[in-house]
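Q: The structure follows.
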Amino acid sequence: MSTQVEQISSQLPAVSPDLVVTGDGRHWRVERCSTWLARQLSAPPDEVRGRDVAHLFRGSQPDLIELLNEAVTRDALMGDVLVRLPGGQTHVRLDLEPFGLADDYSGYRVALYLKETPRPEKVRPSYGLVGRSAGLREVLRKIEKYGPTDAAVVITGETGTGKELVAEALHRASDRNDGPFVAVNCSAISEELLESELFGHEKGAFTGAVRTHRGRFERADGGTLFLDEIGDMPLHTQTRLLRVLETGRVERVGAEREQQVDVRIVAATNVPLERAVGSGRFRADLYHRLSVLRIHLPPLRERLEDLAPLVDFFLDRFNRKYRRKVKRLTGEAMSLLESYLWPGNIRELRNVLERVYIETESEVIGARAFAEWVRERQDFTPGDWHPGSGAPIAPPFPLETEQRLIAQPETPLLTTLSATRPGGSTRPADLDEQSIRSAFKAAGGNLARAARLLGVHRATLYRYLDKLGLDRSALED
Numbered sequence: 009m010s011t012q013v014e015q016i017s018s019q020l021p022a023v024s025p026d027l028v029v030t031g032d033g034r035h036w037r038v039e040r041c042s043t044w045l046a047r048q049l050s051a052p053p054d055e056v057r058g059r060d061v062a063h064l065f066r067g068s069q070p071d072l073i074e075l076l077n078e079a080v081t082r083d084a085l086m087g088d089v090l091v092r093l094p095g096g097q098t099h100v101r102l103d104l105e106p107f108g109l110a111d112d113y114s115g116y117r118v119a120l121y122l123k124e125t126p127r128p129e130k131v132r133p134s135y136g137l138v139g140r141s142a143g144l145r146e147v148l149r150k151i152e153k154y155g156p157t158d159a160a161v162v163i164t165g166e167t168g169t170g171k172e173l174v175a176e177a178l179h180r181a182s183d184r185n186d187g188p189f190v191a192v193n194c195s196a197i198s199e200e201l202l203e204s205e206l207f208g209h210e211k212g213a214f215t216g217a218v219r220t221h222r223g224r225f226e227r228a229d230g231g232t233l234f235l236d237e238i239g240d241m242p243l244h245t246q247t248r249l250l251r252v253l254e255t256g257r258v259e260r261v262g263a264e265r266e267q268q269v270d271v272r273i274v275a276a277t278n279v280p281l282e283r284a285v286g287s288g289r290f291r292a293d294l295y296h297r298l299s300v301l302r303i304h305l306p307p308l309r310e311r312l313e314d315l316a317p318l319v320d321f322f323l324d325r326f327n328r329k330y331r332r333k334v335k336r337l338t339g340e341a342m343s344l345l346e347s348y349l350w351p352g353n354i355r356e357l358r359n360v361l362e363r364v365y366i367e368t369e370s371e372v373i374g375a376r377a378f379a380e381w382v383r384e385r386q387d388f389t390p391g392d393w394h395p396g397s398g399a400p401i402a403p404p405f406p407l408e409t410e411q412r413l414i415a416q417p418e419t420p421l422l423t424t425l426s427a428t429r430p431g432g433s434t435r436p437a438d439l440d441e442q443s444i445r446s447a448f449k450a451a452g453g454n455l456a457r458a459a460r461l462l463g464v465h466r467a468t469l470y471r472y473l474d475k476l477g478l479d480r481s482a483l484e485d
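Letter by letter, the sequence shown follows residues 9 to 485 in the numbering used here.
Below is the structure:
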């Protein structure tokens, strides 16, 4: 036996492997095992020798037999494979290196090198939020951090970015997740009815109040109340809301006494509340009471790496809804979607994909399927889009929401250029090189910000740069 071990050792690489196995692709056996690995397997090294690999490593993830067979098929080193050993407590980085045939030529010999690695972090729950961008990961981090607290949270972001999904996620991550989640859109209800909807009313409190009505605060007792578009809430209602937040007591319209409620508030807005406070449209004391914690959802155009997983998510949803099997979009179709600015964000993406899905019969959707949609946008974006053009497709209306969300100080440049666009026309100003250079400088070298200062879409700015024969390096001169 010792002679056989010496022969094996003489054939091994200079760095001693943790495990040497031989096999024919169906059955693998241990020839040699390091003391460290034997300890992880809860067996002395001598007892491990000769054991069946499939039995010894049963429960490893991924399956070790599959990795061995793949290494032999490749006949090359397979490096840095993350493997969870049986028992699930130890994770290792594994290198597999085939190095010839077994002594009796009946199979192959493979050396395995293992390096213990920290246990992978627990996968963060996604709460239905789809994507892999740094911006979305930060949102998920804050949901996990803020969820268990009872502090008020303000969610900011453009229309269609998924603010209500974030609010629901905060509720699910909280200790109130067994309680109700109640949502109300403050801009969708008239000023006369909003107070009744929020705080409730007694029978006969006003004309039409034929029965007692429990408000959203009462219905959310023990849970979370989501106030969407809170920036549009009337000032008088803001005053009553502030009192409820400070006292924890709500009074129905027409009632003579208050009642206690236990509600966590999550609010959302697509306009900067700071501006609303400055203009007198939002109470400063309510702003400070609500803005304990903040979560910002970036627009889709700023996290295009989320586009592909979102497309896959919606295709899967439509496949179930329409009982079809559309597999994917072509690379050309994806390039087209990546060239659009998405003013309606994820909601717009979903609607565009559903439209094309319904109109297309094939299992793979190509760029031609989006031809009508592109033509509609090109009514506002002259020129034909083609893959590789590098020019974004402008949306069919200005990104007014973005301009409201991003605080831009008034500048002489912006004032001058705004004067060239009377009546809020969607037609861009006739830009010259000096205007573009001035905006580029004022924006600190950021082309997207320069486009906003000029009052045009980024796609429009790119077309003017191409027309004038300019690029970023020329602007920096």
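Every residue gets a Cβ at the ideal spot worked out from N, C-alpha and C, and that includes glycine. This one's a predicted model, so the numbers in the text were calculated from it and none came from an experiment.
Figure out for me which residue from R355, P351, L315 and G352 has the closest Cα to the Cα of R336.
A: The residue with the shortest Cα to Cα distance from R336 is L315.
Q: Compute the Euclidean distance between the alpha carbons of E264 and F207, then round it to the nearest angstrom.
A: Each residue's Cα considered, the two are about 13 Å apart.
Q: In terms of residues, what are the limits of the alpha helix (DSSP H) holding M342?
A: Per DSSP, M342 belongs to the alpha helix (DSSP H) from G339 to E346.
Q: With DSSP as the reference, label I197 as helix, strand or coil.
A: The answer is coil: DSSP assigns I197 none of H, G, I, E or B.
Q: In the DSSP assignment, find the alpha helix (DSSP H) that holds L249 and state where it starts and stops.
A: Run containing L249: L243 to T255, per the alpha helix (DSSP H) assignment.
Q: Rounded to a whole number of angstroms, what is the C-alpha to C-alpha distance between R311 and S68?
A: C-alpha separation (whole angstroms): 36 Å.
Q: Does the Cβ-Cβ distance between E166 and N77 come in under 8 Å?
A: Contact flag unset, no.
Q: So what does V38 bridge to, in DSSP terms?
A: V38 pairs with V29.
Q: Going by Cα to Cα distance, which pick from L345, G262 and P307 is closest to K211?
A: That would be G262, whose Cα lies nearest to the Cα of K211.
Q: What does the alpha-carbon distance come out to for the pair Y135 and L178?
A: Near 9 Å, if we compare the C-alpha coordinates of L178 and Y135.
Q: Between which two residues does the alpha helix (DSSP H) carrying K333 extend?
A: Taken as a continuous stretch (DSSP letters only), K333 belongs to no alpha helix (DSSP H), as it is neither H nor E.
Q: By the three-class DSSP mapping on this structure, what secondary structure does F225 have?
A: Note: F225 maps to helix in three-state DSSP.
Q: Can you check DSSP and say which residues form a bridge with D261?
A: Before going on, a small fix: residue 261 reads as Val here, not Asp. H209, per the DSSP bridge assignment.
Q: Determine the direct distance from the alpha carbon of F321 to that of R332, and round the result to whole angstroms.
A: Whole-angstrom Cα-Cα distance: 14 Å.
Q: Which residue comes first and which comes last in the beta strand (DSSP E) that contains P106?
A: Per DSSP, P106 belongs to the beta strand (DSSP E) from H99 to L109.
Q: For G452, would you say it is in contact with chain D, using Cβ-to-Cβ distances shorter than 8 Å as the test?
A: Although the question refers to chain D, the structure presented lacks it and comprises just one protein chain.
Q: In its own chain, which residues sit with a C-beta less than 8 Å from the C-beta of A341, not counting the 5 before and 5 after it?
A: The answer, listed in chain order, is I373, G374, A375, A377 and F378.
Q: Whole angstroms are fine: how far does the CA of E371 sit from the CA of L298?
A: Roughly 48 Å separates the two Cα atoms.
Q: Going by Cα to Cα distance, which pick from T125, V271, K153 and S195 is closest to F189?
A: Per the Cα distances, V271.
Q: Distance check for R480 and G108, CA to CA, integer angstroms please.
A: Roughly 56 Å separates the two Cα atoms.
Q: Do you know how far the Cα of K150 is from the Cα of T157?
A: Cα-Cα distance, rounded: 11 Å.
Q: For V162 and A79, which I take to be in contact (beta-carbon distance under 8 Å), what is that distance rounded to the nearest angstrom?
A: In fact, because the Cβ distance is near 53 Å, the residues do not count as touching under 8 Å.
Q: How would you call W44, buried or exposed, if buried means at least 16 neighbouring beta carbons within 10 angstroms?
A: Exposed, since its Cβ has fewer than 16 Cβ neighbours within 10 Å.
Q: Going along the chain, which residues of its own chain have a beta-carbon closer than 6 Å to the beta-carbon of H209, five neighbours each way excluded?
A: Counting only Cβ-Cβ distances below 6 Å, and skipping sequence neighbours, we find A217, H221, R260, V261 and G262.
Q: Let me know the secondary structure DSSP gives A275 once reduced to three states.
A: A275 falls in the strand class under three-state DSSP.
Q: Count the other CB atoms, across all protein chains shown, that sit within 10 Å of the CB of P351; report buried if there are 16 or more and exposed otherwise.
A: Answer is buried; the Cβ neighbour count reaches 16.
Q: When the distance is taken between beta carbons, is L122 closer than 8 Å to D26?
A: Yes; because the gap between Cβ atoms is below 8 Å, this pair is in contact.
Q: In whole angstroms, what separates the C-alpha of A159 from that of S141?
A: Their backbone Cα atoms lie some 26 Å apart in a straight line.
Q: If you draw a straight line from the C-alpha of F290 to the C-alpha of L281, how long is it?
A: Distance between the alpha carbons of F290 and L281 is about 7 Å.
Q: Quick one: is D236 buried, meaning 16 or more other Cβ sit within 10 Å of its Cβ, or exposed?
A: Answer is buried; the Cβ neighbour count reaches 16.
Q: For T157, name the three-state secondary structure that DSSP assigns.
A: The answer is coil: DSSP assigns T157 none of H, G, I, E or B.
Q: Assign V131 to one of two classes, buried (16 or more other C-beta atoms within 10 Å of its C-beta) or exposed (fewer than that).
A: For V131, the predicted model reports a pLDDT of 48, less than 50, meaning its position is unreliable; a value from the coordinates is still stated below. When all chains shown are included, V131 counts as exposed.
Q: Assign E384 to buried or exposed, taking buried as 16 or more other Cβ atoms, counted over all protein chains shown, within 10 Å of its Cβ.
A: Answer is exposed; the Cβ neighbour count stays below 16.
Q: Rounded to whole angstroms, what's the CA-CA distance from L301 to L64? Just pull it up for me.
A: Using only the alpha carbons, I get a separation of about 51 Å.
Q: Please name the residue, chosen from R82, V100, D83 and T81, that lies closest to L90 on a Cα-to-Cα basis.
A: The shortest Cα separation from L90 among R82, V100, D83 and T81 belongs to V100.
Q: With respect to the beta strand (DSSP E) encompassing T81, which residues constitute its N-terminal and C-terminal limits?
A: Note, T81: premise wrong, no beta strand (DSSP E); alpha helix (DSSP H) at L72 to R82.
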